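Working notes for the structure below.
Number of protein chains: 4
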Amino acid sequence: MIEQTVIDAGNEDRVAALRADYDALGAHLDRRGISIDAIRDKVATYGVAVPSWGVGTGGTRFARFPGTGEPRGIFDKLDDCGVIQQLTRATPTVSLHIPWDKAPAADLKAKADELGLGFDAMNSNTFQDQPDQPLSYRYGSLSHTDKATRQQAIEHNLECIEIGQGIGSKALTIWIGDGSNFPGQTDLTAQFERYLDSAKAIYAQLPDDWRLFTEHKMYEPAFYSTVVQDWGTNYLIAKELGDRAHCLVDLGHHAPNTNIEMIVARLIQFGKLGGFHFNDSKYGDDDLDTGSIDPFRLFLVFNELVAAEGKPGFDPAHMLDQSHNVTDPIESLMSSANEVRRAYAQALLVDRTALAGFQQDNDAMMAAGTLKQAFRTDVEPILAMARLDNGGAIDPIATYRAAGYRAKVSAERPAVSGAGGGIV
Amino acid sequence: MIEQTVIDAGNEDRVAALRADYDALGAHLDRRGISIDAIRDKVATYGVAVPSWGVGTGGTRFARFPGTGEPRGIFDKLDDCGVIQQLTRATPTVSLHIPWDKAPAADLKAKADELGLGFDAMNSNTFQDQPDQPLSYRYGSLSHTDKATRQQAIEHNLECIEIGQGIGSKALTIWIGDGSNFPGQTDLTAQFERYLDSAKAIYAQLPDDWRLFTEHKMYEPAFYSTVVQDWGTNYLIAKELGDRAHCLVDLGHHAPNTNIEMIVARLIQFGKLGGFHFNDSKYGDDDLDTGSIDPFRLFLVFNELVAAEGKPGFDPAHMLDQSHNVTDPIESLMSSANEVRRAYAQALLVDRTALAGFQQDNDAMMAAGTLKQAFRTDVEPILAMARLDNGGAIDPIATYRAAGYRAKVSAERPAVSGAGGGIV
Amino acid sequence: MIEQTVIDAGNEDRVAALRADYDALGAHLDRRGISIDAIRDKVATYGVAVPSWGVGTGGTRFARFPGTGEPRGIFDKLDDCGVIQQLTRATPTVSLHIPWDKAPAADLKAKADELGLGFDAMNSNTFQDQPDQPLSYRYGSLSHTDKATRQQAIEHNLECIEIGQGIGSKALTIWIGDGSNFPGQTDLTAQFERYLDSAKAIYAQLPDDWRLFTEHKMYEPAFYSTVVQDWGTNYLIAKELGDRAHCLVDLGHHAPNTNIEMIVARLIQFGKLGGFHFNDSKYGDDDLDTGSIDPFRLFLVFNELVAAEGKPGFDPAHMLDQSHNVTDPIESLMSSANEVRRAYAQALLVDRTALAGFQQDNDAMMAAGTLKQAFRTDVEPILAMARLDNGGAIDPIATYRAAGYRAKVSAERPAVSGAGGGIV
Amino acid sequence: MIEQTVIDAGNEDRVAALRADYDALGAHLDRRGISIDAIRDKVATYGVAVPSWGVGTGGTRFARFPGTGEPRGIFDKLDDCGVIQQLTRATPTVSLHIPWDKAPAADLKAKADELGLGFDAMNSNTFQDQPDQPLSYRYGSLSHTDKATRQQAIEHNLECIEIGQGIGSKALTIWIGDGSNFPGQTDLTAQFERYLDSAKAIYAQLPDDWRLFTEHKMYEPAFYSTVVQDWGTNYLIAKELGDRAHCLVDLGHHAPNTNIEMIVARLIQFGKLGGFHFNDSKYGDDDLDTGSIDPFRLFLVFNELVAAEGKPGFDPAHMLDQSHNVTDPIESLMSSANEVRRAYAQALLVDRTALAGFQQDNDAMMAAGTLKQAFRTDVEPILAMARLDNGGAIDPIATYRAAGYRAKVSAERPAVSGAGGGIV
């Protein structure tokens with residue numbers, strides 16, 4: 001963890017400017033009929049989960065360039081997640097990935113308690129082969145043509161639930177890479193039937209107070225067809241399984257040009273939005289930092305979420321899911337948690353009464369302007385104040401750097417050599 | 001109609017070569033365990049509807065360059081459709097578009113009977129304003145914020161059904177342009193709710209022996225959001241409406257890179273495939289001639305259709321829907337009808353028993369090869385023989401040109417001046 | 001024109017809030033080491049041309065829904081452009097389109113002088129056939145296989161130059177729709193050679209103080225291939241022609257996912273950036289309002305432009321090019337001019353010294369953060385103050401509505417009936 | 001190598017059917033005025049290089065599932081390449097990748113001679129860090145901000161040339177992953193200037209009888225910008241470097257919907273087409289088997305190549321570049337070599353005199369039909385006969401399986417455990 005004196009020193013340097021900015025914004029919002037403190041309070045309670053694997057350096061199929069101080073295992077990862085939460089106060093939970101993060105439940109809970117963290121959704125892995133795994137997922141997992149392989153994948157998911165129950169998780173997220181690389185390689189229909197059968201077997205064992213999230217993705221690692229290729233198929237799954245099954249939306253898993261906020265709206269409308277894997281993308285599943293490529297799109301997603309607040313059953317789970325190849329992962333996750341909160345804050349500023357009126361009147365210019373006015377408002381003072389008020393850092397990245405955390409853990413954690421990606 | 005002597009003369013010139021090709025292919029297919037005559041017989045019964053508007057020259061928003069002999073109205077259009085059917089024997093029905101094709105039912109039927117044509121699905125139009133139309137569709141039709149405008153659009157669809165009943169049609173196809181051009185312009189959820197309400201009002205009046213086809217499209221004419229934007233939303237509509245509501249798939253209405261055959265498979269699997277608007281596209285809804293850009297994709301769609309043959313309730317409607325900007329529309333439609341049959345014939349050649357075995361064994365190489373072998377077989381002799389046997393032309397385009405049909409109708413139908421597209 | 005009293009009244013209502021916002025932003029920017037007045041002064045001199053055709057309602061190939069008070073000709077259009085300039089003080093010039101805007105030069109100049117407007121680049125039209133035009137552009141214009149048709153298109157462009165010389169224009173913009181709809185329809189190489197020959201013939205007649213802008217576009221109205229399909233081909237043209245030939249970038253003319261700011265950077269680097277047609281797009285050449293879909297992308301383009309300021313020969317032309325289907329065109333153009341200035345102002349806020357340092361150190365997090373900080377600054381007070389200081393409106397749209405301009409011209413200009421798009 | 005008796009036995013089983021098919025096709029082509037033997041002879045001399053790394057199983061960033069009998073090093077790889085050439089007679093050369101394939105030149109040559117193989121272009125690798133490499137490529141290589149890192153990358157390329165000279169290679173292919181993941185991370189212009197400087201340093205050392213191929217790619221491994229992002233930038237590189245610098249086209253490296261054959265035509269027209277990396281793609285750089293997704297696109301590329309045959313300086317290099325994740329790599333490469341030849345054979349069948357006439361007359365229907373007729377001709381008998389005549393297998397895959405080669409090498413080569421992809 002970062003020493004409190006470092007945080008305090010950083011905040012002391014910045015607090016006067018922050019108060020000036022906050023007051024000025026407050027006065028401006030007051031003229032728009034908005035209470036800045038009310039927005040700050042809502043933002044302060046908004047948390048997004050950090051994926052345990054996110055604190056390690058990512059890679060591509062071509063190469064992986066590890067940074068220094070890479071976490072050696074789940075307990076190092078939790079330490080890193082603790083720092084993110086300490087400075088941002090925006091990431092109170094961690095999402096584990098099995099088998100990467102397997103450890104005794106008591107140890108996990110103790111460590112998390114110590115760091116002030118909780119556990120979010122569990123993530124299963126049937127897209128890789130593990131050492132000593134009897135059957136390979138080369139040709140699929142939950143939708144494999146071989147029943148025994150499917151059963152192995154089902155049991156792995158059940159094990160994830162069991163581990164999750166031990167640490168207080170309440171959801172299982174399933175993402176698989178099943179699909180095909182050639183037209184004809186699979187019977188598209190039979191493959192989906194097998195998937196549904198496997199998913200039903202998992203759902204049948206889901207604890208009553210758990211939710212099951214399934215995630216669609218257009219392509220990669222399968223490059224001709226993917227079993228759960230889009231929200232249409234994802235919806236069919238959630239519908240077939242039952243009320244506790246919901247669809248997870250990853251912002252990078254769609255076809256080019258897709259209107260993602262519309263998918264979000266549809267899933268909300270039909271009661272099947274499970275939550276999000278936040279990141280950003282320009283080309284495919286780029287897993288770039290949230291809000292780094294198209295911040296307006298992120299805002300439009302949150303515009304739908306804020307509009308749906310209070311709707312019965314509306315309770316999406318939020319998680320970051322990024323691959324950090326050229327930055328310090330802790331910095332990227334802190335920055336991204338802030339970007340998620342920024343979009344949320346901006347969406348809270350939308351004058352929804354005025355908007356509804358413009359929509360009813362087909363006054364496209366004023367309706368669009370209403371959204372743009374909210375989006376262009378610089379809400380950084382609100383975000384910073386929410387952090388400060390909760391014991392975090394006004395400027396998390398500067399504070400993190402000042403604390404020398406990366407250098408410190410680099411001294412403790414052995415260097416990892418650069419591994420090639422999948423192609424060698 | 002084309003004089004029979006012209007057809008006969010053209011066939012006479014070509015029949016020897018055709019028989020040689022047919023026999024050689026027959027011998028080859030025989031070695032693959034396939035009866036060429038059985039394939040020819042199936043192909044011969046396969047028909048695809050021609051859209052009445054397809055026989056006129058299309059255009060873009062930039063310009064329209066009319067050809068000569070443009071049909072002046074529905075009866076000229078039917079004449080042109082009659083020629084297509086006469087030469088190809090592949091297009092026994094015509095699909096009307098209201099109000100463009102409004103005429104007394106008796107007259108329509110008499111003309112069609114005379115030409116040996118029947119009527120396919122009816123198409124409504126609420127994407128344009130008609131003279132004397134009380135309320136504008138500028139901001140939408142079935143999903144408009146104004147109830148009276150929605151009601152006007154509903155009633156137009158009901159009128160289409162009524163007209164269709166008079167001429168023996170058994171289906172209504174709804175495509176609308178409703179959507180928005182700005183983020184915020186519409187409430188995405190409320191707009192879809194209004195759409196569903198309107199669609200239900202139409203469905204409630206659907207005759208028992210009719211089907212309702214709804215068509216999705218990613219974009220255009222709306223450029224930020226479209227109410228029925230993809231198959232996921234289209235499925236929800238069909239599901240909400242009832243058993244006689246099905247989804248229509250237009251090959252050019254999808255996001256870039258979309259696996260269309262997979263959408264076809266999913267809709268079949270869940271009992272909601274209504275049929276197709278065939279065309280081809282490279283960029284967007286280009287409405288190019290079927291099979292002209294990606295013939296393998298067309299084959300893969302038919303591979304799913306042939307695999308589903310005989311499945312209970314499986315009865316998709318097939319129609320061409322193209323915009324002919326640089327060709328004689330009659331030639332394009334004849335050629336495209338042939339391309340549809342080509343894909344069907346190729347798909348019939350797939351060794352499905354072998355394929356299923358390779359799929360079960362995850363032998364991607366042989367499975368893919370099984371499809372490719374069928375695709376690369378040159379089935380033109382089968383298609384030509386099916387035409388010849390049914391009284392059509394071995395080479396429809398050459399025969400059409402030899403007959404001088406375009407010159408003849410150009411003399412009768414006044415020239416149309418080049419109108420600008422939507423932008424002027 | 002709008003009465004000054006209406007403008008004054010609108011400004012009076014808003015000036016106190018504006019001064020408060022401006023002062024607060026000034027204080028904030030001062031803490032970042034930036035003089036708000038200096039930014040305002042740069043912004044105030046930044047102008048973007050309005051296309052004459054932009055003040056009319058646009059359309060799609062499916063339909064056109066005219067608004068009220070549609071301009072009847074170039075003089076009405078100039079009136080509308082005058083209002084846009086009057087209220088925004090950001091659009092001092094108009095770009096004409098021939099033959100739509102043909103009129104005696106003296107009359108055009110007199111009208112423009114009266115309205116305080118100048119003339120920007122001339123636009124030729126060889127993508128439509130005009131009444132009495134001897135040869136059709138159905139199969140192409142500057143790249144047509146027929147020499148006489150090419151010559152007709154060349155002469156039209158020369159006429160545009162001549163007209164432009166009469167009214168003080170200094171540039172010709174060429175956009176053509178030439179291409180093909182079928183693989184094989186054209187010889188891709190020969191077609192481009194013909195294009196180059198025609199372009200050279202035009203360039204040979206270009207006055208010494210003129211520039212020639214060529215515009216690329218991926219597709220539409222040609223749907224298989226387009227002669228000038230991308231910036232690579234566009235660059236080759238400009239290179240082949242000579243020093244006064246440059247490439248025009250339209251933000252909606254690229255392949256999905258294209259990094260447009262990188263194209264801008266390359267063209268600047270190689271001395272061939274001619275300028276822009278500003279608009280926004282989600283799918284294709286949607287011609288939506290600038291900044292309405294992806295404002296961050298617009299900012300990134302301006303980030304390259306500001307970085308290149310002062311580079312020898314760097315002098316891009318800026319024009320809006322949008323299609324207004326659901327808004328009052330005057331409102332959209334005022335809003336879009338403001339959005340262009342917004343991106344410019346944001347780009348001026350980038351701390352380029354800090355950025356260069358982060359780039360040199362490969363500190364991606366801080367480099368990206370430097371851009372984001374500039375982008376998220378709400379510069380609206382700067383834009384509004386620049387308008388106010390120059391006699392424009394603090395809130396142009398509200399002032400325009402208050403003035404009742406549309407109602408006034410609707411009373412004078414006859415209603416236009418809804419024409420169908422290209423498909424009917 | 002495969003035992004000749006196995007090849008002979010396989011051919012014996014198939015030769016009668018082949019002769020029947022060949023004769024029937026010959027008779028058919030004769031009616032079209034084409035000599036089948038002339039086509040076969042041209043096809044027989046057409047070779048495509050195999051990449052050394054292609055014989056190993058590929059992977060994605062998520063996982064790699066190795067097959068059995070994975071080659072342990074370059075000599076095993078050459079053995080596998082030898083089998084591909086032995087059975088297909090279409091892959092006479094191998095393209096090496098340094099440092100993966102480093103070995104004494106004499107040993108490489110001896111082994112290649114023994115297998116009847118030659119060496120094609122050399123491939124450098126500055127997209128990965130190698131053990132003991134002093135400076136990391138994490139932030140770039142030839143375009144890195146650090147001069148010493150650039151120099152290291154330059155020297156690696158020079159070493160590749162040196163190695164290549166020892167084994168008879170005549171070309172160097174450069175593909176780098178340099179780019180950025182965040183807007184602002186790099187100065188797009190300065191980065192390209194550094195790239196050009198480095199490339200010039202390599203070019204300066206290029207032997208007189210060598211060519212330098214540079215390869216563009218839209219994205220991956222960089223996900224916001226890539227230095228050599230498209231053919232426009234690639235052309236600028238080749239132009240800046242000099243006459244022996246050419247552009248390499250990989251079929252999967254383009255934006256969605258890109259008309260690739262047009263890029264090929266442009267590069268030929270301006271003398272800068274270096275050659276190809278053949279594969280197929282549906283979404284991104286999927287590296288699927290050539291012709292497996294869009295065989296018509298491959299044909300259209302070859303249509304341009306055949307049209308350019310004989311043009312001065314036209315001499316493109318052909319190589320397969322695929323990632324084999326679900327097939328035996330040897331089978332995929334044999335199949336893909338055949339697909340390349342198939343497209344070549346089909347393109348040779350195009351009646352170019354007729355085509356030119358239709359193009360001149362703007363007869364799009366007949367022009368397109370001319371291409372389609374060539375494409376749909378089943379040329380497999382020609383390809384098989386070319387193999388048979390040269391000592392290869394009529395059915396390479398069946399013969400390869402019958403020979404039990406994979407089982408044999410699996411016994412000799414130790415099993416490789418499934419490694420995770422870049423993300424773990």
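Protein chains in written order, with UniProt numbering: chain A, 1 to 424; chain B, 1 to 424; chain C, 1 to 424; chain D, 1 to 424. Ideal Cβ positions, reconstructed from N, Cα and C, are used throughout, including at glycine. Note that the structure is predicted; figures quoted are calculated from it, not measured.
Would you please verify whether the beta carbon of residue i is less than 8 angstroms from any beta carbon of chain G?
i              : result
I268 (chain C) : Protein chains in the displayed structure are A, B, C and D, and chain G is not among them.
Who are the near neighbours of residue i in its chain, counting only those whose CB is closer than 7 angstroms to its CB and skipping five residues on each side?
i              : result
A367 (chain A) : L355, F358, Q359
E70 (chain B)  : G56, T57, R413, V416
Residue i bridges to which residues according to DSSP?
i              : result
I237 (chain D) : Paired residues: none, contrary to the question.
A368 (chain A) : Answer by DSSP bridge pairing: none, since A368 (chain A) is not bridged.
I174 (chain C) : C:T214
G118 (chain C) : C:T93
A49 (chain B)  : B:M319
Exposed or buried, what is residue i when buried is set at 16 or more other beta-carbons lying within 10 Å of its beta-carbon?
i              : result
G179 (chain C) : buried
K77 (chain C)  : buried
T5 (chain A)   : exposed
N390 (chain B) : exposed
Between residue i and the rest of its own chain, which residues show a CB-CB distance below 8 angstroms, the 5 nearest in sequence each way excluded?
i                     : result
residue 428 (chain A) : No answer is possible for residue 428 (chain A): it lies beyond the span of chain A, which begins at 1 and ends at 424.
E193 (chain D)        : none
Within the same chain, show all residues whose beta-carbon is closer than 6 angstroms to that of residue i, passing over the 5 residues directly before and after it, in chain order.
i              : result
A17 (chain D)  : none
V424 (chain B) : Residue placement at V424 (chain B) is poorly supported in this model, since its pLDDT is 42, which falls under 50; the coordinates still yield a value, given next. There are no such residues.
Mind checking the stretch 309-337 of chain D against chain A and listing, in chain order, the residues whose C-beta falls within less than 7 angstroms of any C-beta there? S323, N325, V326
Contained beta strand (DSSP E) runs [length at least 3] in the stretch 237-287 of chain C, N- to C-terminal order: 245-250, 273-278
Cβ-based contacts, 9 angstroms cut-off: residues of the stretch 107-136 of chain A near chain D: F127, Q128, D129, Q130, P131, Q133, S136
Residues in the stretch 188-201 of chain B with C-beta within 7 angstroms of chain A's C-beta atoms, listed in sequence order? L188, T189, F192
What residues in the stretch 207-224 of chain C have a beta carbon less than 8 angstroms from any beta carbon of chain A? none
At which residue ranges does the stretch 176-235 of chain A contain complete alpha helix (DSSP H) runs of 4 or more residues, listed in the order of the chain? 188-203
What runs of the beta strand (DSSP E), each 3 residues or longer, lie entirely inside the stretch 322-401 of chain C? none
Anything in the stretch 171-185 of chain B with a Cβ closer than 8 angstroms to a Cβ of chain C? List those residues in chain order, please. G177, S180, N181, F182, P183, Q185
Under 9 angstroms (Cβ pairs) to chain B, residues found in the stretch 284-313 of chain C: G284, D286, D287, L288, D289, S292, I293
Members of the stretch 360-379 of chain B that neighbour chain D once the beta carbon cut-off is set at 9 angstroms: N362, D363, A364, M365, M366, A368, G369, K372, Q373, F375, R376, T377, D378, V379
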